[in-house]
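**Q** Taken in order, these protein sequences are the chains called A, B, C and D. What the first sequence shows, in my numbering, is residues 2 to 282, in sequence order. What the second sequence shows, in my numbering, is residues 2 to 282, in sequence order. What the third sequence shows, in my numbering, is residues 2 to 282, in sequence order. What the fourth sequence shows, in my numbering, is residues 2 to 282, in sequence order. Positions of the beta carbon are idealized from the N, C-alpha and C atoms, including for glycine. The model shown is predicted, which means the values in this text are computed figures rather than measured ones. Shown below is the structure under consideration.
Number of protein chains: 4
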Amino acid sequence: MSTTTVIKSDVANPALASEGKKKIEWAARNMPVLAQIKDRFAKEKPFTGFRIAACMHVTTETANLMLALKAGGADIALCASNPLSTQDDTAAALVYEYGISVFAKNAVDRDGYYKHLNSALDIKPQLVFDDGCDLVNVLHTSRTELIEGVMAGCEETTTGVIRLSQMAKDGALKFPMIAVNDTDTKHMFDNRYGTGQSTFDAIFRATNTLIAGKIVVVAGFGYCGKGVAERAKGLGAEVVVTEIDPTKALDALMQGFRVMPMTKAAAIGDLFITVTGNRDV
Amino acid sequence: MSTTTVIKSDVANPALASEGKKKIEWAARNMPVLAQIKDRFAKEKPFTGFRIAACMHVTTETANLMLALKAGGADIALCASNPLSTQDDTAAALVYEYGISVFAKNAVDRDGYYKHLNSALDIKPQLVFDDGCDLVNVLHTSRTELIEGVMAGCEETTTGVIRLSQMAKDGALKFPMIAVNDTDTKHMFDNRYGTGQSTFDAIFRATNTLIAGKIVVVAGFGYCGKGVAERAKGLGAEVVVTEIDPTKALDALMQGFRVMPMTKAAAIGDLFITVTGNRDV
Amino acid sequence: MSTTTVIKSDVANPALASEGKKKIEWAARNMPVLAQIKDRFAKEKPFTGFRIAACMHVTTETANLMLALKAGGADIALCASNPLSTQDDTAAALVYEYGISVFAKNAVDRDGYYKHLNSALDIKPQLVFDDGCDLVNVLHTSRTELIEGVMAGCEETTTGVIRLSQMAKDGALKFPMIAVNDTDTKHMFDNRYGTGQSTFDAIFRATNTLIAGKIVVVAGFGYCGKGVAERAKGLGAEVVVTEIDPTKALDALMQGFRVMPMTKAAAIGDLFITVTGNRDV
Amino acid sequence: MSTTTVIKSDVANPALASEGKKKIEWAARNMPVLAQIKDRFAKEKPFTGFRIAACMHVTTETANLMLALKAGGADIALCASNPLSTQDDTAAALVYEYGISVFAKNAVDRDGYYKHLNSALDIKPQLVFDDGCDLVNVLHTSRTELIEGVMAGCEETTTGVIRLSQMAKDGALKFPMIAVNDTDTKHMFDNRYGTGQSTFDAIFRATNTLIAGKIVVVAGFGYCGKGVAERAKGLGAEVVVTEIDPTKALDALMQGFRVMPMTKAAAIGDLFITVTGNRDV
């Protein structure tokens, strides 16, 4: 089943490829587990003859995942699940340094976004990787001719899993999808530890404010809320948690956090972080 | 300068000696630095020909200090600095297992206390170890005939150092005293880390109460207060600090503790711990 | 359905009743939720006409639970689920101060233990409270004549739930049992926060050792292990976790604990705490 | 003593003034103590008739200090103590929005740097504010004609205080200087809490790496080292401290940090942070 892969692409600036390559290599140094998987893929070639359409954040971490799949023998077409997170240098590097088809430009508009999804689907995928269910949705609406060829897929995020669950319940989902979102390690790294740190990374950059000695109000004590509350405490803040679920609220209290309704917290907080998924709390 | 030491003693119950020995040996296992010092003393014999009168808590830790001094060649007479902390088994073991003169009975009355101090001084000490300045005070009042023979001494605690400083200022102190109390490691182990843990040890035993989720009010943020506040936080409490020194209060705030006057803290606390040295705060 | 309750009992020392009453009242002050439930029970009398046989730790906390049930109208017979935890003063107070039938003596032998279980069952219970499944087991073996009268029960602990699940699977369980053990708040208070603190309470009393600066090895990172590891950290220890479940091990690592196999941890630990349920790790 | 102040300046881009003003106002919201001082200065006008030459980091925080001094009646000339930290928009705003003389351009070369210091000194200061002792040094070398007019000054940083102490010891310092550096609050905010957070702010931006689960090696356990170690722990790292002072090393150990020589730490660390002031540790 030997094939000659043709690399297609729509990226912002090919000249950024070498800069992007350096960043991808830097990220690789912090992804030791993926490195082991890549080594195994390179030996076992489990994806030989498989075409994958992936709709994901086009970042250095995704790039390394793509390289691992390619090492495993896959033909890949990557498009962006969110144009705002697309790193143009990473996209360029994937095309011009590593020979992977990429359709992604930072901040592209709605039409461009869907054009890119369709370009990725042109690979006629047997496997699809989705992050938000847009790729799967296009397959089930305007590109139904491709569904027969799709064996299975996986979905990364909560929103996507909710949409897929509804489709499955309605009998509308035409191929099996794995809910990557629901794994323990996803909750740990992405929600608890990842969001915990990245929230404060963003606050540091936006406000240039010292957290120590501040009263930080965290709305919600799920995985993300726990992560944010722990980091706030670790940075020297006095932490107030608001939470409508009584068991979670009790858990927050037992961990030494102050717990109160937002109506009270609003009066004393210096910094408010909502991790409920809602803007109005 | 060989001498035949005569062991004198007044302890509660010689039959407790073997039990006391086991406890002293257990404590020794957790005093590795003293063990090294003892080994050096055993080789160098720096105290040969020296008589030491020590007025200290008669506990397993003090016992090991006495054994190190004895290994260094000292003749020792030990009395209790606080009869309430005297461990009768430890006292018995020092006399009957290790051959050290001890004058200490748990809960002895005021007359017995001073009788013991005088018995210890009967050794005609060249060196004195004090913990609260009572031994030095007796020397300077009713046993002045011994002062000429005293070369120097050391004092363990804050109260004792305050009394000695006043005596020195008044020109009344007749020999040099080292303020052991003022060393960094004393502040660390005794005040910060020691008091931090032992306070909660006592609270566990007295109240049988879960600390997690409680509001613990700590009055004072000196070395002891820091230690207590850190342990309260480490046990899952929400910690409130009251402190009249503005710099220390600011430091507490920057470490994530709530800081407020006691008039406010009194209304919300579940548990109150005063580490100011005053009963009324 | 008015009944004249006859109080029966087998306790160690009736003279301890007034001391036990004081301790029960102290514990009540720290059980505000139960106080609310008791108030509601006193108004609604949901247990009027119900006989309850309870096999639990005979402690001040259990005593308050019994008082709440009695306030709700129940007739109660209490026996001990573990003779070693029986507080003789609490048992005496329940009988002589509060008029509840109790069959419990500290450190009673195996025969006495089963005699007490049978005495409690003599109440002919409609409801059973168990902690370890021994009471339910006696009902299903030597006291089968009572089964018909039992409506339901509840079980407190993991071991008991395991035994009950096996019975249910085999079709041998003759009435429904609620697995109290499996509630979120049980995991929180009993396993995570409760065991976390009480483990160190026990270590303080047994060893008189400072935890700060020690290397504490915690074997297992389930609810109990998390609680113990968090408290060890909060007391100033360097904490090493051993855990065979890779996801839990990863979670421990992400929380800043050192994670390694016990073969390595054994060489560096000062203090070892196994929370795996196994003696040999 | 009415004077007509002439505003002189050398800044990069006047067009940045309005942007700089917004940032200065944002910073002001987080400087409540300075706001109170400014209000008092505005009433009491303690600096009326005083000319101040200030050599400091030209940032939004410094800008607010300048505005407080100006509110107090001072004539000010500000130059940059480190051209790399100069914010060109802040500099422009001070000149064009607030009417303060500023001589500072980001990344100016050595000649430009000294030209700016001299321009600031042209104000013929009675008071000097220094950060690193360069301004005082210029006064004592090439601008000695101004010394007679200088009443006093203050110095911000460790390096500057070391240089001044040497000058004072040699009898070379011609006017009194206050060592702001040596105050408790400077150690707290600048060294411990400030450096603790800003170090990780920088690491987040430079490496995009998750700290949780990493081994962070902190070289030095002074004020800065403590701050960095605490934040590393608070972010979920396992923290290793290297420290040559035995008392500080012991303190680190008692706080639960691993302590070892750098020769060992080098083999296991993921991230190395030196807060010793030396590059080679």
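What residue ranges within the segment 21-92 of chain C form continuous alpha helix (DSSP H) runs of no fewer than 4 residues, ordered along the chain?
**A** Those alpha helix (DSSP H) runs which fall completely within the segment 21-92 of chain C and span 4+ residues are 33-45, 61-72.
**Q** Using the beta-carbon of each residue, which ones in chain D are nearer than 8 Å to A213 (chain C)?
**A** The count along the third sequence starts at 1 and reaches residue 213 (chain C) at position 212. Residues of chain D passing the Cβ test: M255, Q256, G257.
**Q** Considering Cα atoms alone, identify which of B:C80, B:K9, B:V59 is closest to I25 (chain B).
**A** As a working mapping, residue 25 (chain B) is identified with position 24 in the second sequence. Out of B:C80, B:K9, B:V59, B:V59 has the C-alpha closest to the C-alpha of I25 (chain B).
**Q** Considering only DSSP beta bridges, list what S102 (chain B) is partnered with.
**A** Reading the second sequence from its first residue, position 101 is the one you call residue 102 (chain B). DSSP lists B:A78 as partners of S102 (chain B).
**Q** So does the segment 162-171 of chain C actually touch the segment 201-221 of chain C, counting three or more Cβ pairs closer than 8 Å?
**A** Too few Cβ pairs lie closer than 8 Å, so no.
**Q** Taking 9 Å as the threshold (beta carbon to beta carbon), is H185 (chain D) in contact with chain B?
**A** Your numbering for residue 185 (chain D) matches position 184 in the fourth sequence. According to the sequence shown, residue 185 (chain D) is Asp rather than His. Closer than 9 Å: yes.
**Q** Residues in the same chain with beta-carbon distance under 6 Å from I124 (chain A), minus the five sequence neighbours each way, listed in chain order, please.
**A** Taking the first sequence and counting its residues from 1, the one referred to as residue 124 (chain A) is at position 123. Closer than 6 Å at the Cβ level, and outside the excluded window around I124 (chain A), lie R52, A54, A78.
**Q** Which of the residues in the segment 215-245 of chain A, read from start to end, lie with their CB under 7 Å from any CB of chain B?
**A** Cβ contacts with chain B come from K234, G237, A238, E239.
**Q** Within its chain, find whatever has a CB closer than 6 Å to the CB of F222 (chain C); leave out the 5 residues flanking it on each side and keep chain order.
**A** Here residue 222 (chain C) is taken as the residue at index 221 of the third sequence, counted from 1. Around F222 (chain C): V242, E244, K249, A253.
**Q** Compare the C-beta of V276 (chain D) against all C-beta atoms of chain B and say whether one is closer than 9 Å.
**A** Counting from 1 along the fourth sequence, the entry for residue 276 (chain D) is found at position 275. Output row for V276 (chain D): interface = no.
**Q** Are there three or more Cβ pairs, one per stretch, closer than 8 Å when the segment 206-215 of chain A is compared with the segment 175-195 of chain A?
**A** No, the segment 206-215 of chain A is not in contact with the segment 175-195 of chain A.
**Q** Which chain B residues sit within Cβ distance under 8 Å of T200 (chain D)?
**A** Here residue 200 (chain D) is taken as the residue at index 199 of the fourth sequence, counted from 1. Correct list: empty, because the minimum Cβ distance to chain B is about 16 Å.
**Q** Between Y194 (chain A) and chain D, is any beta-carbon pair separated by less than 9 Å?
**A** In the first sequence, residue 194 (chain A) corresponds to position 193, counting from 1. Yes, Y194 (chain A) counts as interfacial toward chain D.
**Q** Short of 7 Å Cβ to Cβ, which residues in the segment 24-58 of chain B face chain C?
**A** The segment 24-58 of chain B vs chain C, Cβ under 7 Å: N31.
**Q** Residue range of the alpha helix (DSSP H) that A230 (chain C) falls in?
**A** In the third sequence, counting from the first residue as 1, residue 230 (chain C) sits at position 229. Segment 224-235, the alpha helix (DSSP H) holding A230 (chain C).
**Q** Just verifying my parser: in three-state terms, what is the DSSP assignment at N192 (chain D)?
**A** Taking the fourth sequence and counting its residues from 1, the one referred to as residue 192 (chain D) is at position 191. N192 (chain D) falls in the helix class under three-state DSSP.
**Q** Going along the chain, which residues of its own chain have a beta-carbon closer than 7 Å to the beta-carbon of N14 (chain C), five neighbours each way excluded?
**A** In the third sequence, residue 14 (chain C) corresponds to position 13, counting from 1. Only D89, A93 meet the Cβ criterion.
**Q** Given this structure, state the Cα-to-Cα distance separating T91 (chain C) from M255 (chain B), to the nearest angstrom.
**A** Counting from 1 along the third sequence, the entry for residue 91 (chain C) is found at position 90. Counting from 1 along the second sequence, the entry for residue 255 (chain B) is found at position 254. Spanning the two alpha carbons is a distance of roughly 45 Å.
**Q** L68 (chain D) CB to nearest chain G CB: under 9 Å?
**A** The structure shown contains no chain G; its protein chains are A, B, C and D.
**Q** Along the chain, where does the beta strand (DSSP E) that runs through M178 (chain D) open and close?
**A** One-based indexing of the fourth sequence puts residue 178 (chain D) at position 177. Unbroken beta strand (DSSP E) run through M178 (chain D): 178-180.
**Q** Please determine, among B:I216, B:I101, B:K23, the residue with the shortest C-alpha to C-alpha distance to A268 (chain B).
**A** Within the second sequence, the letter at position 267 stands for residue 268 (chain B). The shortest C-alpha separation from A268 (chain B) is found at B:I216.
**Q** For L251 (chain C) and chain D, any beta-carbon pair shorter than 9 Å?
**A** Taking the first residue of the third sequence as position 1, residue 251 (chain C) is located at position 250. By this cut-off, L251 (chain C) is an interface position.
**Q** Under 9 Å, do G235 (chain D) and L122 (chain A) count as touching if we go by C-beta distance?
**A** As a working note, residue 235 (chain D) is residue 234 in the fourth sequence. As a working note, residue 122 (chain A) is residue 121 in the first sequence. No. Outside cutoff.
**Q** Any chance you could list the alpha helix (DSSP H) runs of at least 4 consecutive residues sitting entirely within the segment 119-188 of chain D, in chain order?
**A** Runs found: 135-142, 159-170.
**Q** Rounded to whole angstroms, how far is the Cβ of H117 (chain B) from the Cβ of D11 (chain B), which I believe are closer than 8 Å?
**A** By one-based count along the second sequence, residue 117 (chain B) stands at place 116. By one-based count along the second sequence, residue 11 (chain B) stands at place 10. Sure, about 7 Å apart at Cβ, within 8 Å.
**Q** According to DSSP, is F201 (chain A) part of a helix, a strand, or is it coil?
**A** In the first sequence, the residue the question calls residue 201 (chain A) occupies position 200. Helix at F201 (chain A).
**Q** Could you check how far apart the C-beta atoms of D183 (chain C) and V162 (chain C) are, in whole angstroms? I think they sit under 8 Å.
**A** Translated into positions along the third sequence, residue 183 (chain C) becomes position 182. Translated into positions along the third sequence, residue 162 (chain C) becomes position 161. Indeed they touch by this definition, with Cβ atoms about 7 Å apart.
**Q** Could you say which of B:V96, B:V34, B:I274 lies nearest to S199 (chain B) if we only look at CA atoms?
**A** For the purposes of this step, residue 199 (chain B) is taken as residue 198 along the second sequence, with counting starting at 1. Answer by Cα proximity: B:I274.
**Q** Buried or exposed: which applies to V219 (chain D), given that a residue is buried once 16 or more other Cβ atoms fall within 10 Å of its Cβ?
**A** Residue 219 (chain D) sits at position 218 when you count from the first residue of the fourth sequence. Buried: at least 16 other Cβ atoms inside 10 Å.
**Q** Between the Cα of K9 (chain B) and the Cα atoms of B:Y224, B:P84, B:V96, B:K106, which residue gives the shortest distance?
**A** Residue numbering aside, residue 9 (chain B) sits at position 8 when the second sequence is read from its first letter. Out of B:Y224, B:P84, B:V96, B:K106, B:V96 has the C-alpha closest to the C-alpha of K9 (chain B).
**Q** Along the chain, where does the alpha helix (DSSP H) containing I269 (chain D) start, and where does it finish?
**A** Indexing the fourth sequence from 1 puts residue 269 (chain D) at position 268. It spans 263-269 - the alpha helix (DSSP H) in which I269 (chain D) sits, taken as one unbroken run.
**Q** Name the chain C residues whose beta carbon is nearer than 9 Å to that of M189 (chain A)?
**A** As a first step, residue 189 (chain A) must be located in the first sequence, where it is residue number 188. Ordered by position in chain C, the residues that pass the 9 Å Cβ test against M189 (chain A) are T248, L251, D252, M255.
**Q** Can you tell me where the alpha helix (DSSP H) with L251 (chain B) in it begins and where it stops?
**A** Translated into positions along the second sequence, residue 251 (chain B) becomes position 250. It spans 247-255 - the alpha helix (DSSP H) in which L251 (chain B) sits, taken as one unbroken run.
**Q** Are the segment 172-187 of chain B and the segment 145-164 of chain C touching by the rule of at least three beta carbon pairs closer than 8 Å?
**A** Contact between the segment 172-187 of chain B and the segment 145-164 of chain C is absent, because fewer than three Cβ pairs lie under 8 Å.
**Q** Looking at P84 (chain B) and V109 (chain B), is the spacing between their C-beta atoms short of 9 Å?
**A** Reading the second sequence from its first residue, position 108 is the one you call residue 109 (chain B). Reading the second sequence from its first residue, position 83 is the one you call residue 84 (chain B). Yes, they are a contact pair.
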